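J.: Per this note's numbering, the sequence shown starts with residue 2, numbered consecutively.
What follows is a single structure, and I will ask about it in a moment.
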Amino acid sequence: MARLPLIDPETTTGDVRASFDRMPVKLNIFRMMAHAEANMIPAMRLGNSILHKQKLSAVNRELLILEVAQLEGGAYEWRQHVPIALGVGVTQPQIDALARGDHGDEAFNAAERALLAFGREVTENVRVPEPVFAGMRQHFSEQEIVETIVAIGLYMMMARLTEATETDLDPAAGMRVYDGGKPRSA
Numbered sequence: 002m003a004r005l006p007l008i009d010p011e012t013t014t015g016d017v018r019a020s021f022d023r024m025p026v027k028l029n030i031f032r033m034m035a036h037a038e039a040n041m042i043p044a045m046r047l048g049n050s051i052l053h054k055q056k057l058s059a060v061n062r063e064l065l066i067l068e069v070a071q072l073e074g075g076a077y078e079w080r081q082h083v084p085i086a087l088g089v090g091v092t093q094p095q096i097d098a099l100a101r102g103d104h105g106d107e108a109f110n111a112a113e114r115a116l117l118a119f120g121r122e123v124t125e126n127v128r129v130p131e132p133v134f135a136g137m138r139q140h141f142s143e144q145e146i147v148e149t150i151v152a153i154g155l156y157m158m159m160a161r162l163t164e165a166t167e168t169d170l171d172p173a174a175g176m177r178v179y180d181g182g183k184p185r186s187a
């Protein structure tokens with residue numbers, strides 16, 4: 002049972018209500034985040050930009066999100082992102098390796114191993130040793146490196162939100178939520 006009551010989307014107003022009305026699934030993470038009304042919409046916009054607008058590939062992004070969830074003990078993020086990861090092309094052996102904390106597993110190519118080594122350093126130590134940073138630069142652009150750090154920061158925050166409040170786990174919404182955030186064509 003969550004430590005704080007989940008906000009009922011029907012009782013919200015303004016931009017928060019409009020945001021809930023657009024959601025294909027009103028996940029508990031957003032119902033918890035709605036307590037911080039002034040922060041909910043900016044955080045959701047940042048999350049949407051990470052999921053749909055970054056140069057970092059969808060596979061690399063989902064590997065990174067799962068790594069952060071595994072390192073941070075983010076059970077909520079893990080549950081929601083495993084189906085998304087599979088939907089964008091992450092393999093089951095890669096997910097299994099991440100679940101074991103084996104970021105050097107042969108299921109990952111050299112670029113993915115560099116990404117995961119970098120992600121681990123940013124998540125656990127903040128500062129990144131030069132050899133790890135150099136490995137990241139071999140495979141990723143400056144834009145992708147900064148996008149990686151931004152994505153890590155958001156998913157660390159999400160893990161803290163759900164774990165500190167003991168937000169109840171929803172069933173995995175998977176690609177329904179992911180696809181619901183894609184930009185609509187004009």
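Note that CB positions come from ideal geometry on N, CA and C, so glycine has one too.
All of these numbers come straight from a predicted model, not from anything done at the bench.
Could you round the C-beta distance between residue 168 and residue 30 to whole angstroms and report it? I think they count as a contact, below 8 Å.
T.: About 6 Å; that satisfies the 8 Å criterion.
J.: CB-CB under 7 Å to residue 122, same chain, minus the five flanking residues each way: which ones, in chain order?
T.: Counting only Cβ-Cβ distances below 7 Å, and skipping sequence neighbours, we find 129, 130, 133.
J.: Ordered along the chain, which non-local residues of its own chain (more than five positions away) have a Cβ less than 7 Å from that of residue 49?
T.: Counting only Cβ-Cβ distances below 7 Å, and skipping sequence neighbours, we find 182.
J.: Helix, strand or coil: how does DSSP classify residue 129 here?
T.: Residue state, collapsed to three classes: coil.
J.: What's the C-alpha gap between residue 40 and residue 34?
T.: If you take the alpha carbons of residue 40 and residue 34, they lie about 8 Å apart.
J.: Determine, using beta-carbon pairs with one atom in the segment 9-23 and one in the segment 102-117, whether at least three such pairs fall under 8 Å.
T.: With a cut-off of 8 Å, the segment 102-117 and the segment 9-23 do not count as touching, because too few Cβ pairs lie within range.
J.: Using C-beta distances below 8 Å, list every residue in its chain close to residue 160, excluding the 5 sequence neighbours before and after it, in chain order.
T.: 69, 70, 73, 74, 75, 77, 78.
J.: By a C-beta neighbour count over all protein chains shown, 10 Å radius and 16 as the cutoff for buried, is residue 105 buried or exposed?
T.: Exposed, by the Cβ-count rule.
J.: Which residues bound the alpha helix (DSSP H) around residue 25?
T.: Run containing residue 25: none; DSSP gives neither H nor E here.
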